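Below is one structure, written out as structure tokens, with a few remarks after it.
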Amino acid sequence: MVHKSLIVSFIAVLAAALFLTADVTAQDASGELSWRQTDTSVELLCGDKMVWRHVHDAKIGKPFMRIALTDGTELTRPWPYENDYLKTDHRWHRALWWSWKTVDGVNYWEGNQEGTEPVKVEIMKNDDGSAVIELAIEYHLPDQPPVALEKRTIRISAPDEQGNYLIDWQATFTTAGDKDVVFGRNGYGGFALRMAAEYCPDTPGEGWEFVPSKEEEGASPKGSRWMMFQGEAQNGRPAAVAIFDHPKNPSYPSAWCLRTQYPYMNPCLIARKPYTLKAGESLTLRYGVLINDGPADQEAVEKQWKSFVEE
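Right, here's the structure in full:
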């Protein structure tokens, strides 16, 4: 005979599992973390506010991720955005996303959005607010067979007591056939972050600023192992976002494409030369994104970078 307490425990576990897989909308503003998931997105909520949202809709092409602080202050430009948004340039910029500039001479950055879609998505969500998102992605012209394949794994840590969290992005690219694939050289392209427009005023010297890793005094063409964008968020408090390059990436330390007229940063794998992916071989890339709720300095970010690369 099954003991009554075991039955009660099983029901509690089952209820918790159903809660995590359902479309959940937080009803309280106590700061409790919860999940909201649809067929094309997964979102972490704190109270009723978005902390981050990953969108993987095959109908719109490139997957992307919106990121915010735990009080709901969004740090990225939403996608899609309304036409009355402060800066309506570069409509293909999708918050935090990946895009090659060209694949075998075909532009995948501005165009062919539907030619980069997830064909498989698996999501694991945890009670503490951490998650793992795995995607299989194909690169192809519309209505044509794929020329390159990607297996992507995104690990998002649980927010800590200060509301900070880390996005660990790793992807492995392979050719889809028996021919080499060339990712063309360009001054931008790859892992890219478009910040909210209000964080980059038109007046030079005001608003947010880029801060490179400590050994570099500026955005040197020799590269920087990480780059931070910091300033005062819309909630009136200091905040920062840093992108980490990994020493095993072939372009390390990356040349960075930075834009001050609109807030954008991109460690550019193909800035110095094109990358040829040989048939039968693979290319694995890894980047980190640190969301920092509060003041940040080079020493603190350097410590976080070292922790990231030593994992």
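Once you know that position 223 of the sequence shown is 223 in the working numbering, the rest is easy, because the numbers rise by one and skip nothing. Glycine included, C-beta positions come from ideal geometry on N, C-alpha and C. All values derive from a computational prediction rather than experimental measurement.
Item: Cβ pair Asn292, Ala240 closer than 7 Å; Value: yes
Item: Cut-off 7 Å between Cβ atoms - residues of its own chain near Val103, not counting five sequence neighbours on either side; Value: Tyr139, Val147, Ala148, Val181 and Phe183
Item: Bounding residues of the alpha helix (DSSP H) (the contiguous stretch that carries Gln170); Value: Run containing Gln170: none in the alpha helix (DSSP H); it sits in the beta strand (DSSP E), Tyr165 to Thr175.
Item: Contact the segment 169 to 177 vs the segment 262 to 272: 3+ CB pairs below 8 Å; Value: no
Item: Exposure label - Gly187; buried when at least 16 CB within 10 Å; Value: exposed
Item: Segments of 3+ residues assigned as beta strand (DSSP E) that fall wholly inside the segment 116 to 147; Value: 116 to 125 and 131 to 139
Item: Buried or exposed by the 16-neighbour rule on C-beta atoms within 10 Å, applied to Thr25; Value: Only weak support is given to the placement of Thr25: the predicted model assigns it a pLDDT of 34, under 50, and the question is left unresolved by the model.
Item: Sequence-distant residues of its chain with Cβ nearer than 6 Å to Lys59 (five each side left out); Value: none
Item: Cα-Cα separation, Arg66 to Lys278; Value: 33 Å
Item: Spatially closest choice to Asp160 from Gln298, Asn83 and Gly294, by CA coordinates; Value: Gly294
Item: Residue burial classification, Val119 (beta-carbon count within 10 angstroms, cutoff 16); Value: exposed
Item: Under 7 Å between C-beta atoms of Val289 and Ile133; Value: no
Item: Beta-carbon spacing of Met227, Trp256 below 7 Å; Value: yes
Item: Cα-Cα separation between Lys125 and Trp52, rounded to whole angstroms; Value: 13 Å
Item: Where Asp28 falls, given that 16 or more other Cβ within 10 Å makes a residue buried; Value: Note that Asp28 scores a pLDDT of 36, beneath 50, so its modelled location is shaky; the value from the coordinates is reported in the next line. With fewer than 16 other Cβ atoms within 10 Å, it is exposed.
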